[in-house]
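Everything on this sheet refers to the single structure shown next.
Numbering (the working numbering), first residue to last: 12 to 103.
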């Protein structure tokens with residue numbers, strides 16, 4: 012657990028079952044935002060949303076389908092209020 016409450020998830024190959032464990036860890040850590048960019052970004056965002064609903068946990072998510080990693084990082088950096096603070100880049 013590194014302390015960042017925001018994640019930029021850079022998908023290199025789309026969904027893999029290991030994502031289930033990662034999302035549960037993020038929920039346990041109190042992560043409040045996940046922005047997804049790369050392969051199947053929109054699908055992964057939808058899947059993360061479903062996991063959160065099943066666990067009755069709110070997490071703001073965004074997909075950056077067709078955008079660059081820099082675009083996703085820029086949005087994560089601009090978030091304010093309860094979503095302010097550093098982010099962690101996760102390559103998956």
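Ideal placement from N, C-alpha and C gives every residue a C-beta, glycine not left out.
Worksheet item: Whose C-alpha, out of 97, 58 and 71, is nearest the C-alpha of residue 28?
Response: The residue labelled residue 28 in the question sits at position 17 within the chain shown. Selected option, being the one with the closest Cα: 58.
Item to complete: To the nearest angstrom, report how far apart residue 88 and residue 82 are at their CA atoms.
Response: Within the chain shown, the letter at position 77 stands for residue 88. Within the chain shown, the letter at position 71 stands for residue 82. Cα-Cα distance, rounded: 10 Å.
Worksheet item: What residue range is occupied by the uninterrupted beta strand (DSSP E) comprising residue 21?
Response: As a working mapping, residue 21 is identified with position 10 in the chain shown. 17–22 is the extent of the beta strand (DSSP E) around residue 21.
Fill in: Under the three-state DSSP convention, the category residue 100 falls into
Stepping through the chain shown from its first residue, residue 100 is reached at position 89. In the structure shown, residue 100 sits in a strand (DSSP, three-state: E or B).
Worksheet entry | Cut-off 7 Å between Cβ atoms - residues of its own chain near residue 60, not counting five sequence neighbours on either side | Numbered from 1 along the chain shown, position 49 holds the residue referred to as residue 60. The answer, listed in chain order, is 72.
Worksheet entry | Minimum length 4: unbroken alpha helix (DSSP H) runs contained in the stretch 21–73 | 29–40 and 52–65
Discussion item. Quick check: what's the CA-CA separation for residue 12 versus residue 24?
Written reply: Reading the chain shown from its first residue, position 1 is the one you call residue 12. Reading the chain shown from its first residue, position 13 is the one you call residue 24. Low per-residue confidence applies at residue 12: pLDDT is 49, beneath 50, and the placement is therefore not dependable enough to give any value.
Worksheet item: Over what stretch of residues does the alpha helix (DSSP H) that includes residue 83 continue unbroken?
Response: On the chain shown, position 72 is the one that residue 83 refers to. That run of the alpha helix (DSSP H) goes 80–89.
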